[in-house]
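The next block holds one structure in the form of structure tokens; read it before the comments.
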Amino acid sequence: MKIGIVDTTFARVDMARHAIEEIQKLVPRAQILRITVPGFKNTPWAARKLIVEQECDGVLVLGWIGKTLTDKLTYAVASMGLVLLQIEYGKPIIDVTVHEDESEDPKELYNIAIDRARKHAVNLVKLIRGEDLSKYAGKGLRQGRPDVGPILEDLGDKFIEW
Amino acid sequence: MKIGIVDTTFARVDMARHAIEEIQKLVPRAQILRITVPGFKNTPWAARKLIVEQECDGVLVLGWIGKTLTDKLTYAVASMGLVLLQIEYGKPIIDVTVHEDESEDPKELYNIAIDRARKHAVNLVKLIRGEDLSKYAGKGLRQGRPDVGPILEDLGDKFIEW
Amino acid sequence: MKIGIVDTTFARVDMARHAIEEIQKLVPRAQILRITVPGFKNTPWAARKLIVEQECDGVLVLGWIGKTLTDKLTYAVASMGLVLLQIEYGKPIIDVTVHEDESEDPKELYNIAIDRARKHAVNLVKLIRGEDLSKYAGKGLRQGRPDVGPILEDLGDKFIEW
Amino acid sequence: MKIGIVDTTFARVDMARHAIEEIQKLVPRAQILRITVPGFKNTPWAARKLIVEQECDGVLVLGWIGKTLTDKLTYAVASMGLVLLQIEYGKPIIDVTVHEDESEDPKELYNIAIDRARKHAVNLVKLIRGEDLSKYAGKGLRQGRPDVGPILEDLGDKFIEW
Amino acid sequence: MKIGIVDTTFARVDMARHAIEEIQKLVPRAQILRITVPGFKNTPWAARKLIVEQECDGVLVLGWIGKTLTDKLTYAVASMGLVLLQIEYGKPIIDVTVHEDESEDPKELYNIAIDRARKHAVNLVKLIRGEDLSKYAGKGLRQGRPDVGPILEDLGDKFIEW
Chain A
1 MKIGIVDTTF
11 ARVDMARHAI
21 EEIQKLVPRA
31 QILRITVPGF
41 KNTPWAARKL
51 IVEQECDGVL
61 VLGWIGKTLT
71 DKLTYAVASM
81 GLVLLQIEYG
91 KPIIDVTVHE
101 DESEDPKELY
111 NIAIDRARKH
121 AVNLVKLIRG
131 EDLSKYAGKG
141 LRQGRPDVGP
151 ILEDLGDKFI
161 EW
Chain B
163 MKIGIVDTTF
173 ARVDMARHAI
183 EEIQKLVPRA
193 QILRITVPGF
203 KNTPWAARKL
213 IVEQECDGVL
223 VLGWIGKTLT
233 DKLTYAVASM
243 GLVLLQIEYG
253 KPIIDVTVHE
263 DESEDPKELY
273 NIAIDRARKH
283 AVNLVKLIRG
293 EDLSKYAGKG
303 LRQGRPDVGP
313 ILEDLGDKFI
323 EW
Chain C
325 MKIGIVDTTF
335 ARVDMARHAI
345 EEIQKLVPRA
355 QILRITVPGF
365 KNTPWAARKL
375 IVEQECDGVL
385 VLGWIGKTLT
395 DKLTYAVASM
405 GLVLLQIEYG
415 KPIIDVTVHE
425 DESEDPKELY
435 NIAIDRARKH
445 AVNLVKLIRG
455 EDLSKYAGKG
465 LRQGRPDVGP
475 ILEDLGDKFI
485 EW
Chain D
487 MKIGIVDTTF
497 ARVDMARHAI
507 EEIQKLVPRA
517 QILRITVPGF
527 KNTPWAARKL
537 IVEQECDGVL
547 VLGWIGKTLT
557 DKLTYAVASM
567 GLVLLQIEYG
577 KPIIDVTVHE
587 DESEDPKELY
597 NIAIDRARKH
607 AVNLVKLIRG
617 EDLSKYAGKG
627 LRQGRPDVGP
637 ILEDLGDKFI
647 EW
Chain E
649 MKIGIVDTTF
659 ARVDMARHAI
669 EEIQKLVPRA
679 QILRITVPGF
689 KNTPWAARKL
699 IVEQECDGVL
709 VLGWIGKTLT
719 DKLTYAVASM
729 GLVLLQIEYG
739 KPIIDVTVHE
749 DESEDPKELY
759 NIAIDRARKH
769 AVNLVKLIRG
779 EDLSKYAGKG
789 LRQGRPDVGP
799 ILEDLGDKFI
809 EW
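Rendered as structure tokens:
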């Protein structure tokens, strides 16, 4: 298995280190190729390179997004690029983006970043392997935060449909 | 008939179970293929897989969208991917998205999800079959909520154009 | 002439009926093909079908858009799909969209819908015929509302450029 | 030189008349082809026609955009189409859009429209001719308004970098 | 090495001069090709020209974005074009955009522009050379502003994960 990782010098946490650790735990012989770019907007270029030139089976993109409207639009534009790559080449790309408006507390942002990077690294391996995730469908899983669970669970499974 | 279903572990309701029930009622011999991905942004990848590799005749995408601007942009980006797939491959894709800002009450969200998934499962079958839906055109049908009906009905059909 | 019409069961007015009436008045022998889909997001799929499989010369898309940000994004995404189809296939597509935030009064929305559908049906025929519309350029024509006219007219044509 | 012009019946000023005047002053033997469409959203279709079927060397698109969020999204969608055409065919397209929220005063809107159309008509000719505009780079040129000039000029060229 | 530069007459700072200085310092024999266009929306056309017709190895796009919603949408649309070019041709494009809402003070905007242009010129050379930037990954580097550094540094590297 050949996995691509794209990350940025803009980010404030080295998420790739954690993602790589997870991948190596799961797939010790995985080949990991990494490209670091300045910011999120260059990640489609790097992801394409990893898929087309390096023939990676999937790519994990680790981004960090500021708080302004400009940052949000940048996020949308680059995400669209990552979706287009998936449509064109058929390889899964998961983007792990940490948004600075997710928390005022840098410690919390740090933890969100690590947790999200680790969990999505595992998710990417599963998508590449074609693992059946349907047993988790609708389970309210979260990356970067604790899982919220399915709504039915909230209601003690006693909830009757209207 | 070969129907693809894409859903997520992010969602808080297992909408696929309900959608599959509807499809099986309508088309007992339908072949149903399902891919569960982590979140809405990976649904174009999965939908493409079901159309290109599995040759599905149509795909139902079941998503769950948070409340923030980031979530809304994610929704737009992935939806654009699903539209692009329809343009490229000519197969119908209906996305059933439940937005957390549709209700503060989890019970209501649950019911919206189930109702929308069921009704759109039926809609997808109709689109694949090429059924003529024009008798319902302009009728104010809704998925996830009761139908609102046509405006003329509101006015007791007595409304005269200005 | 072969004209495609795409409309939705979501809409609260049967705009197609009015559009078809206009087309038949103008081009009695026009062949009209209609596909009704659940909502605006499936209109690119249907428009593509009418252009690629049915070889329509142009398509009128009749949509109805809710008031929320989600609805607005849905509008943008599907509209983008309709623009892409025009770029890919070179056939004109006019979308007639009625937005629920255009009026609080259902009667007014009804009239907007009818007027816009009728006028754009005529516009589509003109685009397909390649009619020269330049004599109306800059004239402030509106669909769904009365024309606002050119600015110069407001000023009694007496306005002198600064 | 073959120049395409696309304008709309929605606009409240006949910008094309002014643009054509400028083009004819600069390139008396230019061939000018014009398509008028109902609204901004149909301009990509017309621009494509002028580039692909009429082999224009560049296109000037003259649009008029309302004040609502719907209008802004429409602007973004059609602009995206014009960017895609430039990427696909390599011909320059300049869009001259006048936004109704640029001024409350119709006279001012009128003047913005004329000035922008005239200046961008000249710009398009320069792009088609491959003229080197680098001597104006960073000069704060504006269309529709007086030039704002470079920041250094504001500061009497005495500004020292931090 | 062949580097393309695209800038605008709309910008209020001649960023290209500074970017070129940096490139020449790093790669004295680099061939630099520059196209100046009126505004940001024409930069995808120019970048494509530099990549396709001039065979540049990468392009630096220098833009200046106003404060209104229209300007922000224009930014998003043209940025999307630049991402699409990177996906289609596989050459890196870095856009250096200065947004007028980044500061009320023109001197500060001036300094943001120069710093961002210089740093991203260096970044582009590194991407073209295929330099490994992973040692800076997650380091909170900024262009236009001082680096913010990684979160762990803020906390004196004493921070323990939750």
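Keeping their order, the protein sequence lines are chains A, B, C, D and E. Going left to right, the first sequence walks through residues 1 to 162 as the working numbering numbers them. Going left to right, the second sequence walks through residues 163 to 324 as the working numbering numbers them. Going left to right, the third sequence walks through residues 325 to 486 as the working numbering numbers them. Going left to right, the fourth sequence walks through residues 487 to 648 as the working numbering numbers them. Going left to right, the fifth sequence walks through residues 649 to 810 as the working numbering numbers them. Just so it is clear, CB atoms sit at the ideal spot from N, CA and C, and this is done for glycine as well.
Within the stretch 338-363 of chain C, the complete beta strand (DSSP E) segments at least 3 residues long are 355-361, listed from N- to C-terminus. Counted as a single uninterrupted DSSP element, the alpha helix (DSSP H) harbouring residue 568 of chain D occupies residues 555-575. According to the DSSP secondary-structure assignment, residue 652 of chain E is paired through a beta bridge with E/681, E/707. Look at residue 425 of chain C here: in three-state DSSP terms it is helix. Residues of the stretch 235-254 of chain B that bring their beta carbon within less than 8 Å of a beta carbon in chain A comprise 235, 236, 238, 239, 240, 242, 243, 246, 247, 250, in sequence order. Taking a cut-off of 8 Å on C-beta distances, the stretch 764-775 of chain E does not touch the stretch 64-78 of chain A, as fewer than three cross pairs fall below it. Closer than 8 Å to the CB of residue 475 of chain C there is at least one CB belonging to chain D. Under the three-pair Cβ rule at 8 Å, the stretch 373-388 of chain C does not count as touching the stretch 202-221 of chain B. Neighbours of residue 796 of chain E across chain A, judged by C-beta separation under 8 Å: 12. Taking a C-beta cut-off of 9 Å against chain C, the contacting residues of the stretch 507-520 of chain D are 520, listed in chain order.
With respect to the C-alpha of residue 165 of chain B, the residue from B/175, B/264, B/194, B/178 having the closest C-alpha is B/194. Under DSSP, residue 419 of chain C forms a beta bridge with C/385.
Residue state for residue 133 of chain A is assigned as coil, using DSSP reduced to three classes.
DSSP places residue 431 of chain C within a helical segment (H, G or I) once states are collapsed to three.
Residue 495 of chain D carries a coil assignment under DSSP once its states are collapsed to helix, strand and coil. Distance between residue 571 of chain D and residue 589 of chain D, taken at the CA atoms: about 30 Å. From the beta-carbon of residue 52 of chain A, the residues of chain E found nearer than 9 Å are 738. Contact with chain B is found for residue 373 of chain C, since one of that chain's Cβ atoms lies less than 8 Å from the residue's Cβ.
Annotation for residue 212 of chain B: the continuous alpha helix (DSSP H) segment containing it runs 205-214.
Looking only at B/188, B/224, B/241, the smallest Cα-Cα distance to residue 172 of chain B is reached by B/224. Pairing residue 367 of chain C with residue 299 of chain B gives a Cβ-Cβ distance that is not under 8 Å. In this structure, DSSP gives residue 795 of chain E a state outside helix and strand, which the three-state scheme calls coil. Secondary structure at residue 303 of chain B: coil, using DSSP grouped into helix, strand and coil.
Within chain C, the C-beta atoms nearer than 8 Å to that of residue 493 of chain D come from 458, 461, 462, in chain order. For residue 424 of chain C, same chain residues with a beta-carbon under 6 Å away, outside a window of 5 residues either side, are 390, 391 in chain order. Straight-line spacing of the CA atoms in residue 676 of chain E and residue 771 of chain E works out to 16 Å. Residue-level contact by beta carbon fails for residue 277 of chain B and chain C, as no gap is shorter than 8 Å. At least one beta carbon of chain E lies nearer than 8 Å to the beta carbon of residue 627 of chain D. At least one beta carbon of chain C lies nearer than 8 Å to the beta carbon of residue 523 of chain D. With a beta-carbon spacing of about 7 Å, residue 114 of chain A and residue 13 of chain A fall inside the 8 Å limit used to define contacts. Distance from the CA of residue 783 of chain E to the CA of residue 796 of chain E, rounded to the nearest whole angstrom, comes to 16 Å. Straight across, the Cα-Cα distance linking residue 629 of chain D with residue 581 of chain D is about 11 Å. Annotated as proximal: residue 249 of chain B and residue 372 of chain C, with beta-carbon spacing under 8 Å. It is roughly 12 Å from the alpha-carbon of residue 40 of chain A to the alpha-carbon of residue 727 of chain E. Note that the C-beta distance between residue 757 of chain E and residue 506 of chain D is not below 8 Å.
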